[in-house]
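**Student:**
In this note's numbering, the protein residues as written are 13 to 610.
Pasting the structure below:
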């Protein structure tokens, strides 16, 4: 029990002295508060301006419980375990904080407060996802937050796939290191994934809760390795797991089986650390921050053709307006297209024979690798195209204004040159092309584009071509590297460029391949809704969330063919672009106009 004394009588002098002392005390207290706050600000600024050379990260591949409280406790426990391993940032999957009582806002905020308190107690950053429902929502909406070592909130954003008009996420900092983040399917929205990298992010986090079917073993980390390569940043993929391998935690919901495989991927595409299965674990690695040069991202953004596109993307992400023309998407009659890839180079007679064999197989189009033959062979190849009434795409070196070009010649069924495309992404000894409109041609009236080499990594070319109406994508390579690692890397890169609802061919000196993504919408819908898979024709690798690998070659001269029914139009836009991310509609229209055939 507290006691208080009665006020005593004071003389005027004593009252004045007391007021003076009180004023001095208040002034001293104000000075001390200012000193403490100032020191904190200086410390924060020093932390922001002094980027560490390494950052230790831990991906907590967590299985999900049934309630908010269960998952709160699992996250707090994961923070403690990560702290013991000495990590500076602990990363949890999409929807890690969710549950059947997630429609109680007070309960969710209490759980978030507990996680922030745990971050403060462990003195580390916590990146975590959550999913909550509001009255009237058909399903829970996903969001993510980043808690700092002081327990404060560093960053938050709402999943654009769930809330199409939500604010676009930008850059945040971890110990002064610029970072960006996305939630699962938002990886397919280039403005979410890559605009923050153009703004300086050197670490890209993805929080996912993937279906088991999203792990396609022959392709492995087929979204994340190319993302690291085309941006030269660290990619951290945190996915949900299961308590027991191959067994869903909820026996009554087998589709809740998750695939795990969380991974930390270096800017050169190396898998630095990864979970090789689907069970709960923590994946830990030291990130060498200086390796994230963003060189490839900057090369794309500063290319004279693509610079206006990326500048517009940054403006739109900031909420500014951008002028863009109306979209004029190309269309054609529905028809069957048979494509052939001929894996032969530096042998004109063999190439002529391959053209004849493709004609015998009723192919409409035959594709040879990049730099397949010298330009002196052009006239004979034109004659072969004319005799066999087939479209031929062949790679040749071509001397042009300013230097040597890595070119693709497209020869029509009448033997005429339909177009000559110079590789936009070319580097020494080749000069980079500057005319994207030259990539366009038609096969039986169907809009098609051709790309070369590193263009496959510059997937904005493939995406914007699809927005403009391309339904056939032909890609030429001259990469002789072989072996399991090289073969896998090519499949990962090619799976990306082919995943824009096109019928695609990748012609190389080894491991050429044909890809099909024409029924992408049906395949995704079947997986999400638990429906039977659509009949997409025979394939070597079925991948419902990327292009299917129809067939591929080994080494040596080979001819490969495949046939698909191509519709009247590419439906990729706006269903997979501004239909999901309306804030960036002008971006897609501007980009399509930049590439559009004039």
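Beta carbons: idealized from backbone N, C-alpha and C, even for Gly.
On the DSSP letters alone, give me the boundaries of the beta strand (DSSP E) that residue 400 sits inside.
**Tutor:** No beta strand (DSSP E) holds residue 400; the alpha helix (DSSP H) holding it covers 390 to 400.
**Student:** Counting C-beta neighbours from all protein chains within 10 Å, is the total for residue 106 16 or more, i.e. buried, or is it exposed?
**Tutor:** Buried is the call here.
**Student:** Using DSSP's beta-bridge definition, name the partner residues of residue 191.
**Tutor:** For residue 191, which the question treats as bridged, DSSP gives the partners 184 and 215.
**Student:** I need the DSSP call for residue 290, collapsed to helix, strand or coil.
**Tutor:** If DSSP states are grouped into helix, strand and coil, residue 290 belongs with coil.
**Student:** Could you tell me if residue 585 is buried or exposed, where buried requires 16 or more neighbouring beta carbons within 10 angstroms of its beta carbon?
**Tutor:** Residue 585 should be labelled buried.
**Student:** Would you decide whether residue 220 is buried or exposed? Buried here means 16 or more other CB atoms lie within 10 Å of its CB.
**Tutor:** Buried.
**Student:** State yes or no: is the C-beta of residue 139 within less than 7 Å of the C-beta of residue 217?
**Tutor:** For residue 139 and residue 217, yes; Cβs fall inside 7 Å.
**Student:** Are three or more beta carbon pairs between the segment 489 to 498 and the segment 507 to 521 nearer than 8 Å?
**Tutor:** Yes, the segment 489 to 498 touches the segment 507 to 521.
**Student:** Bridge partners for residue 524 per DSSP, in chain order?
**Tutor:** Looking at the DSSP assignment, residue 524 forms no beta bridge with any residue, so it has no partner.
**Student:** Whole angstroms are fine: how far does the CA of residue 513 sit from the CA of residue 527?
**Tutor:** About 10 Å.
**Student:** On the three-state DSSP scale, how would you describe residue 594?
**Tutor:** In this structure, residue 594 counts as helix in the three-state DSSP scheme.
**Student:** Between which two residues does the alpha helix (DSSP H) holding residue 120 run?
**Tutor:** 117 to 134 is the span of the alpha helix (DSSP H), which, as asked, contains residue 120.
**Student:** Pull up the distance between the alpha-carbon of residue 255 and that of residue 351, whole angstroms please.
**Tutor:** Cα-Cα distance, rounded: 45 Å.
**Student:** By Cβ distance below 7 Å, which residues in the same chain neighbour residue 569 in space, the five residues on each side in sequence not counted?
**Tutor:** Here the set comprises 355, 356 and 362.
**Student:** Using three-state DSSP, classify residue 315 as helix, strand or coil.
**Tutor:** Reduced to three states, the DSSP call for residue 315 is coil.
**Student:** Under a Cβ-count criterion, where at least 16 other Cβ atoms within 10 Å of its own Cβ denotes burial, should residue 485 be classed as buried or exposed?
**Tutor:** Buried.
**Student:** Nearest by alpha-carbon distance to residue 305: which of 436, 241, 367 and 466 is it?
**Tutor:** When each option's Cα is compared against that of residue 305, the closest is 241.
**Student:** Residues bridged to residue 280 by DSSP?
**Tutor:** Partner(s): none; residue 280 has no beta bridge.
**Student:** Can you check which of these residues, 115, 579, 531 and 239, is closest to residue 283 by C-alpha distance?
**Tutor:** Minimum Cα distance to residue 283 is reached at 239.
**Student:** Using a threshold of 7 Å, state whether the C-beta atoms of residue 339 and residue 152 are closer than that.
**Tutor:** No, the pair does not count as a contact, with Cβ atoms beyond the cut-off.
**Student:** I'd like the list of long-range same chain contacts for residue 567, defined as Cβ closer than 7 Å, with 5 residues on each side in sequence excluded.
**Tutor:** Correct list, in chain order: 494 and 522.
**Student:** Bridge partners of residue 571, per DSSP?
**Tutor:** According to DSSP, which records beta bridges pairwise, residue 571 is partnered with 354.
**Student:** Could you tell me how far apart the beta carbons of residue 99 and residue 296 are, in whole angstroms, since I believe they sit closer than 8 Å?
**Tutor:** About 6 Å; that satisfies the 8 Å criterion.
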